[in-house]
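Colleague: Sharing a structure with you now.
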Amino acid sequence: MEGTIDIIKNAFSDAWKMWKKSGKDFFVDLLKISLLQWAIYGIVTIILVSAALILMGGAVEGATGMETLSLLTGNIAFVALAVLLQWPAGLLLQCSAP
Amino acid sequence: MASWLVASVLGSVVFNVVDNRANGKKTEIVKRFKTNFIPVTGYIALVIVISIIICLPIVLGYLFTSGASVLSILGGMCLFGFVSVVFYLLFAFLIQFSMLELVIERRGVVESLKSSYALVKKNIVTVLLFDIVYIIIAFGIGSITSVIERVFIVGIELMAFGGSIVGAAMGGVLYLLVVFLLTVASYFILLPIYYFLWRGLGPKKKQEEKKKTKRKPF
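Sequence lines, in order, name chains D and H. Counting from 10, one number per residue, gives the positions in the first sequence under my numbering. Counting from 1026, one number per residue, gives the positions in the second sequence under my numbering.
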């Protein structure tokens, strides 16, 4: 049991040492990663919400028959394009490595 | 889905960051993202497949009670769902170090799962005790952050009800910034503790052994 508590205590004390030694740099690194993650989610959300708004706008206008069909097809294609665009975002991130 | 995957792979880089900072090194985030992309994608795919298999009892609950009333079906699904939850928790407990093994020790997808399983099995009491302490700390941090976030939400609601739309919008932006910083702060506090426990349990010993074998005899 003593060994168990020692291992846990060591984990906390090593973490404390790390925070004291390179806490600022570590925080900056985490900020960068989180910022990238949020940017990805943000861009995708904006694209998808825009697509949904266009779709809703089309429905509100009350277009019927072939107009509705063409509007829906166009909007679905737009959403599909938005989803597909997420891959280039990831690839861009990959290719920008030094 | 793709953005979620990209964000998850980026999330795996935090383990490299904590490892490098612990050893006084810098991390090239984009380079690490590139290196982690395929292994982490494979890892996520495998974990999803295993998770689906673990969740199969819920489907069994539905099949066993099919034809009965809606309440009976729900009851059956809950009963079998409980089994799934227990198995899922056990699975998560056993593979908790697998991501560290994957991105830091550069093991294969299956090997990292096996390695984590072996490490937890070998130190089951330590890991269980640590997890309890860790969950209490994480819960404490989560409670503090949710109180801070709630204060901002109430402020935004008051501004919106008071008719100050610009104020509410600015509050919204500020709220997002606070959530962002609190998320980073949670990572900042919790991640090193978790990392050093893992180091203390296994790989560190291996590294020390390697160092010992490399030393020249006097």
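All C-beta atoms in this analysis are idealised placements derived from N, C-alpha and C, irrespective of residue type, glycine included. Since the model is a prediction, treat every value here as computed from it, not as a measurement.
Alpha carbon to alpha carbon, how far is D:SER105 from H:LYS1050?
Modeller: Counting from 1 along the first sequence, the entry for residue 105 of chain D is found at position 96. Counting from 1 along the second sequence, the entry for residue 1050 of chain H is found at position 25. At D:SER105, the pLDDT of 44 sits below 50, so the modelled position is not reliable and the matter cannot be decided from this model.
Colleague: Excluding the 5 residues flanking H:ILE1129 on each side, which residues of the same chain have their C-beta closer than 7 angstroms to its C-beta?
Modeller: Taking the second sequence and counting its residues from 1, the one referred to as residue 1129 of chain H is at position 104. The residues are PHE1040, ASN1041 and ASP1044.
Colleague: Kindly indicate if chain H contains any beta-carbon less than 7 angstroms away from that of D:LEU57.
Modeller: Stepping through the first sequence from its first residue, residue 57 of chain D is reached at position 48. Judged by the 7 angstroms Cβ criterion, D:LEU57 is not in contact with chain H.
Colleague: Does the distance from the CB of H:ILE1149 to the CB of D:ALA20 come in under 7 angstroms?
Modeller: The sequence position of residue 1149 of chain H within the second sequence is 124, counting from 1. The sequence position of residue 20 of chain D within the first sequence is 11, counting from 1. No, the pair does not count as a contact, with Cβ atoms beyond the cut-off.
Colleague: Spell out whether any CB of chain H is found under 7 angstroms from the CB atom of D:LYS41.
Modeller: Here residue 41 of chain D refers to the residue found at position 32 of the first sequence. Output row for D:LYS41: interface = yes.
Colleague: Between H:ILE1218 and chain D, is there a C-beta pair that is closer than 7 angstroms?
Modeller: Against the second sequence, residue 1218 of chain H aligns to sequence position 193. Taking Cβ atoms only, chain D reaches closer than 7 angstroms to H:ILE1218, which makes this a yes.
Colleague: Just reading off the alpha helix (DSSP H) that H:ALA1027 is part of, what are its end residues?
Modeller: Here the question's residue 1027 of chain H lines up with position 2 in the second sequence. Counting along the chain, the alpha helix (DSSP H) containing H:ALA1027 begins and ends at 1027 to 1047.
Colleague: With respect to the alpha helix (DSSP H) encompassing H:ILE1120, which residues constitute its N-terminal and C-terminal limits?
Modeller: Counting from 1 along the second sequence, the entry for residue 1120 of chain H is found at position 95. Careful: H:ILE1120 lies outside any alpha helix (DSSP H) and carries neither H nor E.
Colleague: Taking its Cβ as the centre, do 16 or more other Cβ atoms sit within 10 Å of H:PHE1243, making it buried, or is it exposed?
Modeller: Stepping through the second sequence from its first residue, residue 1243 of chain H is reached at position 218. Note that H:PHE1243 has pLDDT 43, beneath the 50 cutoff, so the model's placement of it is unreliable and no number is given.
Colleague: Out of H:ILE1166, H:GLY1165, H:VAL1135 and H:PHE1107, point me to the one whose CA is closest to H:SER1123's CA.
Modeller: Here residue 1123 of chain H refers to the residue found at position 98 of the second sequence. Nearest option by C-alpha distance: H:VAL1135.
Colleague: Along the chain, which unbroken stretches of the alpha helix (DSSP H) at least 4 residues long are found entirely within the segment 1133 to 1164 of chain H?
Modeller: Qualifying alpha helix (DSSP H) stretches, in chain order: 1134 to 1147.
Colleague: Is H:PHE1213 close to chain D, meaning its C-beta is less than 7 angstroms from at least one C-beta of that chain?
Modeller: Taking the second sequence and counting its residues from 1, the one referred to as residue 1213 of chain H is at position 188. Yes, contact with chain D.
Colleague: At least one CB of chain D closer than 7 angstroms to the CB of H:ILE1054: is that the case?
Modeller: On the second sequence, position 29 is the one that residue 1054 of chain H refers to. Yes, H:ILE1054 lies at the interface with chain D (some Cβ there is under 7 angstroms from its Cβ).
Colleague: At which residues does the alpha helix (DSSP H) containing H:ILE1077 begin and terminate?
Modeller: Residue 1077 of chain H sits at position 52 when you count from the first residue of the second sequence. Run containing H:ILE1077: 1054 to 1079, per the alpha helix (DSSP H) assignment.
Colleague: In angstroms with no decimal places, state the Cα-to-Cα distance between D:ILE42 and H:SER1141.
Modeller: Mapped onto the first sequence, residue 42 of chain D falls at position 33. Mapped onto the second sequence, residue 1141 of chain H falls at position 116. Using only the alpha carbons, I get a separation of about 25 angstroms.
Colleague: Starting from H:GLY1067, find everything on chain D with Cβ-Cβ shorter than 9 angstroms and list it in chain order.
Modeller: Locating residue 1067 of chain H in the second sequence gives position 42, counting from the first residue. Result: empty, since nearest Cβ-Cβ is about 16 angstroms, beyond 9 angstroms.
Colleague: What is the DSSP secondary structure of D:GLY12, counted as helix, strand or coil?
Modeller: Locating residue 12 of chain D in the first sequence gives position 3, counting from the first residue. DSSP places D:GLY12 in helix when its eight states are reduced to three.
Colleague: Would you list, in chain order, the members of the segment 1125 to 1155 of chain H that have their beta-carbon closer than 9 angstroms to a beta-carbon of chain D?
Modeller: The segment 1125 to 1155 of chain H vs chain D, Cβ under 9 angstroms: ASN1148, VAL1150, THR1151, LEU1154 and PHE1155.
Colleague: Check H:LYS1051 in the structure and name its three-state DSSP category.
Modeller: Walking along the second sequence from the start, residue 1051 of chain H turns up at place 26. H:LYS1051: coil per DSSP, three-state reduction.
Colleague: For my contact list, H:GLY1225 and D:ILE16 are in at a C-beta cut-off of 8 angstroms; report their separation, rounded to the angstrom.
Modeller: Along the second sequence, read from residue 1 onward, the residue named residue 1225 of chain H stands at position 200. Along the first sequence, read from residue 1 onward, the residue named residue 16 of chain D stands at position 7. Going by Cβ atoms, the distance from H:GLY1225 to D:ILE16 rounds to 5 angstroms, so yes, they are a contact pair.
Colleague: Classify H:GLY1227 as helix, strand or coil using the three-state DSSP reduction.
Modeller: As a working note, residue 1227 of chain H is residue 202 in the second sequence. Of the three classes helix, strand and coil, the one that applies to H:GLY1227 here is coil, per DSSP.
Colleague: I'd like the list of long-range same chain contacts for H:ILE1120, defined as Cβ closer than 6 angstroms, with 5 residues on each side in sequence excluded.
Modeller: Your numbering for residue 1120 of chain H matches position 95 in the second sequence. So the list reads LEU1138 and SER1141, once near-sequence residues are dropped.
Colleague: Give a yes or no on whether the minimum CB-CB distance between H:PHE1221 and chain D is below 7 angstroms.
Modeller: Your numbering for residue 1221 of chain H matches position 196 in the second sequence. It does; some Cβ of chain D falls within 7 angstroms.
Colleague: Please classify D:SER31 as buried or exposed, where buried requires at least 16 neighbouring CB atoms within 10 angstroms.
Modeller: Looking up residue 31 of chain D in the first sequence gives position 22. Burial call: buried.
Colleague: Evaluate the contact criterion for the segment 1177 to 1189 of chain H versus the segment 1157 to 1168 of chain H: three or more CB pairs, one atom per stretch, below 8 angstroms.
Modeller: Counting Cβ pairs under 8 angstroms, fewer than three are found: no touch.
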